[in-house]
Each structure stands twice: as C-alpha cells, then as structure tokens.
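Convert by adding 187 to the 1-based position in the sequence shown; the result is the number in our numbering.
All C-beta atoms, glycine included, are put in the ideal place defined by N, C-alpha and C.
Here is the structure we will look at, set down as structure tokens.
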Amino acid sequence: MSFVMLAFHVPSIDSGEEYALAVLTNILGEGKSSHLYQRLVYEEKAAVFTSAHYQGMAKDPGLLYLYAGLVPGRSPKDVEVLLREEVAKMKRGEFTDRELEKAKNQVKAAFIYGLDSNFYRAMNIGKLEVLGVGWEYMQTYVERIGVVTRDDVVRVAKKYLKDTNLTVGILVPERNL
188 MSFVMLAFHV PSIDSGEEYA LAVLTNILGE GKSSHLYQRL VYEEKAAVFT SAHYQGMAKD
248 PGLLYLYAGL VPGRSPKDVE VLLREEVAKM KRGEFTDREL EKAKNQVKAA FIYGLDSNFY
308 RAMNIGKLEV LGVGWEYMQT YVERIGVVTR DDVVRVAKKY LKDTNLTVGI LVPERNL
C-alpha cells in the first residue's frame, strides 16, 4: 500500500494558537465524518484510510500532518492534490458551524477522558513542566478550546497550512517503483 503525507510546520504548545490548530486538525481528519475521510474514502474512493494529527506538545515547533493510505492503483500525486484541496477549503472557511462545534466537543472530550488515567495526568504534568508551560495549563485547556471561533480556525489554516511550511512524503512499496 502506498501512503501520502503532508506535514506542515506549526508552532509549539506555548504559541497560543495550539487550540485553533487542535480544532482544525479534528475537522480535517478525526474519524469517518471528517473532511479527509469523506472526500478521499467515500467520495473519491482514493484511500482506504485518512487521518490528521497535531503534534504541539513540544519545546520546538511541531507538525500538523495529514495522511492517507491509498487504494491500490491510485496515484499518490492525485491523492496529494485531493489532500491539498481539502486544506484549501479550510483556508476558505468551508466547514459548517456544526462541524466546528463537534470538533471542539471531540477535542475537549478526548482531553477530559485522558484525565481518567493517572498515568496520562502524570505524563502531561511532567511534559508541561519540562516545557516550561506549567501544569496549570491543564486547568484552562477545555475552556480555551471552547472559545475557538471559525475565524481562529481559518486564520491558523491560512498562516500555517501553506507550501513554505510543508514537507510532502510519498511512500510507495518497492514492487511499485
């Protein structure tokens, strides 16, 4: 199976923009109702799976990456174009208010459910302290996700999801070379 990944360089956890980036990532690639899954798997039948991930808990700038596992016979370049088209839609604000609220709820819920685990709590407290952000960051995370607006999501999409911040990876099985 071939894979296509778009990796955008984004700021780290203490930028203040990590909340909008988390919501943007969720709209693009979290679950079967996400923009990537709907377009690439259901509509275009170009991928067998898609996903998005925001890697913001770091001292140095992180990555927001989108990826797809291709249906055999589909062109990686064609799938790259489809991924880029979905990114362009985010920059134009082509998502519904319902999708925005759903994404915020999912990001908040994932964070809250993670607090059920003492291991997760301890790991995050340790990371936050090492990064110099402080454990108190966890106390305001849900509230700050809740106030992310459509304008915030569009702004960070325009600011960070651009070619000058992008690394494209295409993995093709050796037998297909």
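Taking the DSSP output, what are the residues bridged to residue i?
{"i": "His196", "result": "Leu250"}
{"i": "Val191", "result": "Ala255 and Ile357"}
So residue i and residue j are supposed to be a Cβ contact under 8 Å. How far apart are they, rounded?
{"i": "Val169", "j": "Ala239", "result": "Any answer about residue 169 is impossible in this case: the structure gives the chain only from 188 up to 364."}
{"i": "Leu223", "j": "Leu253", "result": "6 Å"}
{"i": "Ser199", "j": "Gly249", "result": "6 Å"}
{"i": "Leu269", "j": "Glu231", "result": "6 Å"}
{"i": "Val355", "j": "Leu193", "result": "6 Å"}
{"i": "Leu315", "j": "Tyr324", "result": "5 Å"}
{"i": "Gly260", "j": "Glu205", "result": "No, Gly260 and Glu205 are not in contact; Cβ-Cβ is about 38 Å, not under 8 Å."}
{"i": "Ile312", "j": "Trp322", "result": "5 Å"}
{"i": "Ile299", "j": "Val320", "result": "The pair is not a contact, with the Cβ atoms about 19 Å apart (cut-off 8 Å)."}
{"i": "Val191", "j": "Ala255", "result": "5 Å"}
{"i": "Gly301", "j": "Arg337", "result": "Rounded, the Cβ-Cβ distance is 26 Å, inconsistent with contact."}
{"i": "Phe236", "j": "Asn352", "result": "Not quite, the Cβ-Cβ distance comes to about 24 Å (not below 8 Å), so this is no contact."}
Could you pull the start and end residues of the alpha helix (DSSP H) that residue i belongs to?
{"i": "Gly356", "result": "Here Gly356 belongs to no alpha helix (DSSP H); instead the beta strand (DSSP E) covers Leu353 to Leu358."}
{"i": "Leu211", "result": "Glu205 to Gly216"}
{"i": "Tyr347", "result": "Arg337 to Tyr347"}
Once the 5 residues before and after residue i are set aside, which same chain residues still bring their CB inside 6 Å of it?
{"i": "Ser304", "result": "none"}
{"i": "Phe282", "result": "Ile214"}
{"i": "Ser202", "result": "none"}
{"i": "Ser262", "result": "none"}
{"i": "Ala290", "result": "Val210, Asn213 and Ile214"}
{"i": "Ala207", "result": "Val335, Asp339, Val340 and Val343"}
{"i": "Tyr241", "result": "Leu208, Ala209, Thr212 and Leu251"}
Within the continuous beta strand (DSSP E) that includes residue i, where are the two ends?
{"i": "Tyr241", "result": "Ala234 to Gln242"}
Which same chain residues end up closer than 8 Å to residue i when comparing Cβ atoms and leaving out the 5 residues on each side of it in sequence?
{"i": "Met277", "result": "Leu211, Ile214, Leu215, His222, Val340, Val341, Ala344 and Leu348"}
Among residues of its own chain, excluding the 5 on either side of residue i, which ones have a beta-carbon nearer than 7 Å to its beta-carbon?
{"i": "Lys246", "result": "Ser199 and Leu318"}
{"i": "Gln293", "result": "Asn213 and Glu217"}
{"i": "Glu273", "result": "Leu215, His222, Leu223 and Arg226"}
Problem set entry | Start-end ranges of the beta strand (DSSP E) lying completely within the stretch 247-333, minimum 3 residues | 249-257
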